[in-house]
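Participant:
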Amino acid sequence: MARTHILGFPRIGARRELKFAQESFWRGESTEADLRTVAAGLRRRHWQLQADSGLDSVATGDFAYYDQMLSLTALLGALPRRFGFDPAGLTLAQYFELARGNREQPAMEMTKWFDTNYHYLVPELDPATRFDGGPDWFFEEIEEALALGLKARPVLIGPVTYLWLSKTHEAGFDKLSLLPQLAQAYQRILARLKARGIEWVQIDEPALSLDLDADWLNAYDQAYAALARSGVKLLLATYFDSAADHAARAATLPVQGFHIDLVRAPAQLDAWRHALPADAVLSVGVIDGRNIWRSDLRRALDTLRPLHAELGERLWVAPSCSLLHVPVSLEHEVRLDAELKSWLAFATEKLGELRVLATALNQGETAVAAQLEASDAVQASRRQSRRVVNPRVQQRLAAVTPDMAERASPFDTRIERQRQALQLPLLPTTTIGSFPQTTAIRQTRAAFRRGDIGALEYLQRIRGDIELAVRKQEALGLDVLVHGEAERNDMAEYFGEQLCGYAFTENGWVQSYGSRCVKPPVIYGDVYRPEPMTVDTARYAQSLTDRPMKGMLTGPVTMLQWSFVRDDQPRADTARQLALAIRDEVCDLEQAGIRVIQIDEPALREGLPLRRADWDAYLAWAVTAFRLSAAGVADQTQIHTHMCYAEFNDILPSIAAMDADVITIETSRSAMELLEGFGDFDYPNEIGPGVYDIHSPRVPSVDAMEKLLDRACEVVPPQRLWVNPDCGLKTRGWEETEAALANMVSAARKLRGRLAGQDVLAWKRVARQQAVPAAHHHSADCACNSRAA
Ligand code: GLN
Ligand code: ZN
-7 MARTHILGFP RIGARRELKF AQESFWRGES TEADLRTVAA GLRRRHWQLQ ADSGLDSVAT
53 GDFAYYDQML SLTALLGALP RRFGFDPAGL TLAQYFELAR GNREQPAMEM TKWFDTNYHY
113 LVPELDPATR FDGGPDWFFE EIEEALALGL KARPVLIGPV TYLWLSKTHE AGFDKLSLLP
173 QLAQAYQRIL ARLKARGIEW VQIDEPALSL DLDADWLNAY DQAYAALARS GVKLLLATYF
233 DSAADHAARA ATLPVQGFHI DLVRAPAQLD AWRHALPADA VLSVGVIDGR NIWRSDLRRA
293 LDTLRPLHAE LGERLWVAPS CSLLHVPVSL EHEVRLDAEL KSWLAFATEK LGELRVLATA
353 LNQGETAVAA QLEASDAVQA SRRQSRRVVN PRVQQRLAAV TPDMAERASP FDTRIERQRQ
413 ALQLPLLPTT TIGSFPQTTA IRQTRAAFRR GDIGALEYLQ RIRGDIELAV RKQEALGLDV
473 LVHGEAERND MAEYFGEQLC GYAFTENGWV QSYGSRCVKP PVIYGDVYRP EPMTVDTARY
533 AQSLTDRPMK GMLTGPVTML QWSFVRDDQP RADTARQLAL AIRDEVCDLE QAGIRVIQID
593 EPALREGLPL RRADWDAYLA WAVTAFRLSA AGVADQTQIH THMCYAEFND ILPSIAAMDA
653 DVITIETSRS AMELLEGFGD FDYPNEIGPG VYDIHSPRVP SVDAMEKLLD RACEVVPPQR
713 LWVNPDCGLK TRGWEETEAA LANMVSAARK LRGRLAGQDV LAWKRVARQQ AVPAAHHHSA
773 DCACNSRAA
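First residue of the sequence shown: -7, per my numbering; consecutive thereafter.
(1) If you drop the 5 nearest sequence neighbours on each side, which residues of the same chain put their C-beta closer than 6 Å to that of G46?
(2) Could you compute how far the alpha carbon of P470 sits from the alpha carbon of N109?
(3) Between the alpha carbons of V588 and L713, how many angstroms are there, rounded?
(4) How big is the Cα-Cα spacing for R297 and S373?
(5) Could you check what DSSP says for P681 in three-state terms: helix, strand or coil?
(6) Quick check: the region 523 to 537 against the region 582 to 597, are there 3 or more CB pairs under 8 Å?
(7) Run the proximity test for M483: is its beta-carbon closer than 7 Å to any non-hydrogen atom belonging to the ligand GLN?
(8) Counting only runs that start and end within the region 279 to 346, where is the alpha helix (DSSP H) found for 4 or more residues in a row?
(9) Going by DSSP in three states, K756 sits in which element: helix, strand or coil?
(10) What residue ranges within the region 95 to 153 form continuous alpha helix (DSSP H) runs of no fewer than 4 residues, ordered along the chain?
(11) Apart from the five residues just before and just after Q553, which ones in its own chain have a Cβ nearer than 6 Å to its Cβ?
(12) Relative to the C-alpha of D559, which residue among L67, V255, Q173, E116 is closest?
(13) Distance, Cα to Cα, L(-1) vs A51?
(14) Keeping to the same chain, check which residues put their C-beta closer than 8 Å to that of V276; ignore five residues upstream and five downstream.
(15) Here's the rule I'm using: 16 or more other beta-carbon atoms within 10 Å means buried, otherwise exposed. How should Q561 be labelled?
(16) Could you tell me if the beta carbon of C705 falls within a distance shorter than 7 Å of some heavy atom in the ligand ZN?
(17) Does D627 come out as helix, strand or coil in the three-state DSSP assignment?
(18) With the cut-off set at 8 Å, would you say I484 and S377 are in Cβ contact?
(19) Find the nearest neighbour of L168 within the set L155, I284, V691, judged by alpha-carbon distance.
(20) Leaving aside the five residues before and after C636 along the sequence, list all residues of the same chain whose C-beta is less than 6 Å from its C-beta, in chain order.
(21) Exposed or buried, G725, counting other C-beta atoms within 10 Å across all chains shown (16 or more means buried)?
(22) From A206 to R508, what distance separates their C-alpha atoms?
(23) Would you grab the beta carbon distance between I643 and I655 for me? Rounded to a whole angstrom, and I think it's under 8 Å.
(24) From V707 to A731, what distance separates their C-alpha atoms?
(25) Relative to the alpha-carbon of R28, which residue among Q40, Y57, P2 has its alpha-carbon at the smallest distance?
(26) How many Å lie between R35 and L316 at the Cα?
(27) Can you tell me whether I424 sits near the ligand ZN, meaning its C-beta is under 7 Å from at least one heavy atom of the ligand?
(28) So for I433, helix, strand or coil by DSSP?
(29) Rounded to a whole number of angstroms, what is the C-alpha to C-alpha distance between M(-7) and A350?
(30) Three-state secondary structure (DSSP) at V380?
(31) Go to C492, then tell me how far its beta strand (DSSP E) extends in each direction, as first and last residue.
(32) For the region 449 to 463 against the region 667 to 683, are there 3 or more C-beta pairs whose distance is under 8 Å?
(33) Roughly how many whole angstroms lie between the Cα atoms of E477 and K542?
(34) How far does the beta strand (DSSP E) with L227 in it extend, from its first residue to its last?
(35) Mind checking who R508 pairs with in its DSSP beta bridge?
(36) Taking 7 Å as the line, does the beta carbon of H634 fall inside it for any heavy atom of the ligand GLN?
Now the structure itself:
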């Protein structure tokens, strides 16, 4: 008998019950007991769903009041010392303070969980960190499941992954030195589970799907030797990528089973089959835990049948990873049309798919003939539907030639033409796109969506907001203006709603962090742009001013990255379709007289594969998609892009290869990193390193921004430098925004004044004459480097 199980279930609830309970508790409108009641109800409901689907065990310990890594930190008692909390006595209120900060302490750092859009709280370790245990919530939840008569299968993130994801502020401190103690703490936790009669514990080690050096591989040996002493059976779970490289090594660990992700990395099966010890369990993730499509059950069975013959009850069937990354249930999707809905499976529906697979294996396929036929029908309907395959889009894609991704002239030629056309001062000032999304703006959009105001009224109000933004920017003295994005609720959704091939769910919420959920659009078919999306708005905005107005678009990689994407064609193909749709918009904006067009790619880096060996292939198609979207314009039209993360040094060559005329990037929080990166890599085009952090309402001083600009001048010649904030200003208020931008403009003007006496262009002539070596530091030649002046 093949067994079925899941690695974890979404905790937010089909109607985001957890979010509303958390937020009400934070606002002081409900008690801790209220929140605990909601949480217990959700756990019970989710376990019952698992049990009702015939799973052999229910995943417990995957619940978290905010985040699973934070909950593990609490369970271990490894709280950041700076909060001064007693681990054993940790209250729920304190737990939330760790996540959200309090009056004295900033929150723990948050970062993305592997290549997902889920964010975890990064453990903060130091040489004195102890793992003496914290609150008993984890054990209490297991008791809850046991009390319901369920077979609890607890889930823990493993010790090596936990350490791998931790950070330390102590220079020279090797976090691996904490491993022995950490492993002992796990051993104690596991022993307690064993004593409670728990048979199996799932230990998640997604780090085993990464590139690991010998020290980290040794850490697995060390840690698991200790864990094994607990006597409980361990299922070591890997996911998100192939762990084939480490399979032979992992197979020697004293654990009783392994889980592998066959959706992301089907090719790893052979390596694991060979390596699998004679009595070990192999759990295979054949249902996509990261996407929302119904599985091709027939194909899954083709994989499972021979495994079942070989392994018998040592075969476990599962989703590829925790279902945390998909929405809870299709039940509440009432507006999705029937055909599209028939193609989808959210977490709850995936439990049903597992059941069909198990029945097919254990009782024969005739027992589920109807379900398998239904699955075939879904696959056939997706293959044949005219909504999925659009011959015109396919033809256009097939006709794409490499030259379509090339601008007409090289950057040096283009930039001269752009300077002629735009007549901007040295160190031009601009912003990233959005301006404060005031309550009035949000209300306008909501009223229009509800139908409370008509299209004309809506247009007039949005135009009013645009005009206000333009007047304020002119008064501030900014050089390249933006319309402010008042009409956009979300930079990906706004475009998705206007493109064909996209659908939007009503309740397809996925936890991003804490109480924050996102509702990614679904790209189900060939993407194309039926009509212009932003041209009227841009034209209107440009009509209000003589200064250049930037057209503002979201790039193909970001559109892709922030959606549930098709699984029936490579991501690269979907990216190219998106690129063509955006290219049409770029060309139309140019036709409409827009001379500067920004194509945002804040998610480019997020798409990086987990394994280094896969980076080049990804970067190649991602960069091509961007170039395809941008390259249809004349030399004089200036293409900007924007990215908002500071760690881009390792992909700088690819960012340069995007060949945007100007890139604006987040840098103010890490000026040093920028400098290091640019010291090593001679970034060829123009660049706007963000000079102020938009994440806080603090108004940076003229001085502070001028200093950052001075430092930027050390590595970027001033005639290639732009002055702008780190990112869009939609989350800020007008008051602080105007104050900060006024200071920013002053800083640019002061620096311009200092540079005016110098022949800055002389730098460029000299640079041209001198052959520039690849790793050249500009600082020696930089005109603005003479600070004493
Ligand atoms: N143009 C967008 C804005 O300003 C960019 C947002 C982003 O980088 N995430 O809001
Ligand atoms: Zn940004």
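Think of the CB as a built atom: it goes at the ideal place given N, C-alpha and C, for glycine as much as any other residue.
Facilitator: In terms of the structure at hand:
(1) The count along the sequence shown starts at 1 and reaches residue 46 at position 54. These residues qualify, in order along the chain: R347.
(2) Start at 1 with the first residue of the sequence shown, and residue 470 comes out as number 478. Start at 1 with the first residue of the sequence shown, and residue 109 comes out as number 117. In the sequence under discussion, the amino acid at residue 470 is Leu, which differs from the Pro named in the question. The straight-line gap from Cα to Cα measures roughly 34 Å.
(3) As a first step, residue 588 must be located in the sequence shown, where it is residue number 596. As a first step, residue 713 must be located in the sequence shown, where it is residue number 721. Using only the alpha carbons, I get a separation of about 16 Å.
(4) On the sequence shown, residue 297 is found 305 positions in, with the first residue counted as 1. On the sequence shown, residue 373 is found 381 positions in, with the first residue counted as 1. One C-alpha to the other measures close to 25 Å.
(5) The residue given as residue 681 occupies position 689 in the sequence shown. In the structure shown, P681 falls within a strand segment according to DSSP collapsed to helix, strand and coil.
(6) Output reads yes: the region 582 to 597 touches the region 523 to 537.
(7) Counted from its first residue, the sequence shown places residue 483 at position 491. Flag set: Cβ of M483 near the ligand GLN.
(8) 289 to 303, 330 to 334
(9) Taking the sequence shown and counting its residues from 1, one reaches residue 756 at position 764. In this predicted model, K756 has a pLDDT of only 48, less than 50, meaning its place in the structure is not dependable enough to derive any value.
(10) 129 to 139
(11) Counted from its first residue, the sequence shown places residue 553 at position 561. Residues of the same chain with a CB within less than 6 Å of the CB of Q553, apart from the 5 flanking positions on each side, are A595, E598, G599 in chain order.
(12) On the sequence shown, residue 559 is found 567 positions in, with the first residue counted as 1. Of L67, V255, Q173, E116, the residue nearest in Cα terms is V255.
(13) Within the sequence shown, the letter at position 7 stands for residue -1. Within the sequence shown, the letter at position 59 stands for residue 51. One C-alpha to the other measures close to 6 Å.
(14) Stepping through the sequence shown from its first residue, residue 276 is reached at position 284. Taken in chain order, the residues that qualify are H251, I252, L254, L261, T295, L296, L299, L307, W308, V309, A310.
(15) Translated into positions along the sequence shown, residue 561 becomes position 569. Classification of Q561: exposed, given that the 10 Å Cβ count is below 16.
(16) Counted from its first residue, the sequence shown places residue 705 at position 713. Result no, Cβ not under 7 Å from the ligand ZN.
(17) Reading the sequence shown from its first residue, position 635 is the one you call residue 627. In this structure, D627 counts as coil in the three-state DSSP scheme.
(18) The residue given as residue 484 occupies position 492 in the sequence shown. The residue given as residue 377 occupies position 385 in the sequence shown. This sequence places Ala at residue 484; Ile is not what is there. Cβ distance not < 8 Å, so A484 and S377 don't count as in contact.
(19) Within the sequence shown, the letter at position 176 stands for residue 168. Of the listed residues, the one whose Cα sits closest to L168 is L155.
(20) Looking up residue 636 in the sequence shown gives position 644. P594, E658, C719, listed in sequence order.
(21) Translated into the one-based positions of the sequence shown, residue 725 becomes position 733. Under this definition G725 is an exposed residue.
(22) As a working mapping, residue 206 is identified with position 214 in the sequence shown. As a working mapping, residue 508 is identified with position 516 in the sequence shown. Distance from the CA atom of A206 to the CA atom of R508, rounded to whole angstroms, is 38 Å.
(23) The count along the sequence shown starts at 1 and reaches residue 643 at position 651. The count along the sequence shown starts at 1 and reaches residue 655 at position 663. Not quite, the Cβ-Cβ distance comes to about 12 Å (not below 8 Å), so this is no contact.
(24) The residue labelled residue 707 in the question sits at position 715 within the sequence shown. The residue labelled residue 731 in the question sits at position 739 within the sequence shown. If you take the alpha carbons of V707 and A731, they lie about 28 Å apart.
(25) Reading the sequence shown from its first residue, position 36 is the one you call residue 28. Residue Y57 is the option with its Cα nearest to R28.
(26) Here the question's residue 35 lines up with position 43 in the sequence shown. Here the question's residue 316 lines up with position 324 in the sequence shown. Rounded to whole angstroms, R35 to L316 spans 13 Å at the Cα level.
(27) As a first step, residue 424 is located in the sequence shown; it is residue number 432 there, counting from the start. Yes, the beta carbon of I424 sits closer than 7 Å to at least one heavy atom of the ligand ZN.
(28) By 1-based counting over the sequence shown, the position of residue 433 is 441. I433: helix per DSSP, three-state reduction.
(29) Start at 1 with the first residue of the sequence shown, and residue -7 comes out as number 1. Start at 1 with the first residue of the sequence shown, and residue 350 comes out as number 358. Going from the Cα of M(-7) to the Cα of A350 covers about 8 Å.
(30) Residue 380 sits at position 388 when you count from the first residue of the sequence shown. Coil.
(31) For the purposes of this step, residue 492 is taken as the residue at position 500 of the sequence shown. Its beta strand (DSSP E) spans residues 492 to 495.
(32) These segments do not touch.
(33) Within the sequence shown, the letter at position 485 stands for residue 477. Within the sequence shown, the letter at position 550 stands for residue 542. Approximately 11 Å between the Cα atoms of the pair.
(34) On the sequence shown, residue 227 is found 235 positions in, with the first residue counted as 1. Looking at the DSSP string, the run of the beta strand (DSSP E) that includes L227 is 225 to 229.
(35) Position 516 of the sequence shown, counted from the start, is the residue given in the question as residue 508. Paired residues: Y505.
(36) In the sequence shown, the residue the question calls residue 634 occupies position 642. Yes, Cβ of H634 sits closer than 7 Å to a heavy atom of the ligand GLN.
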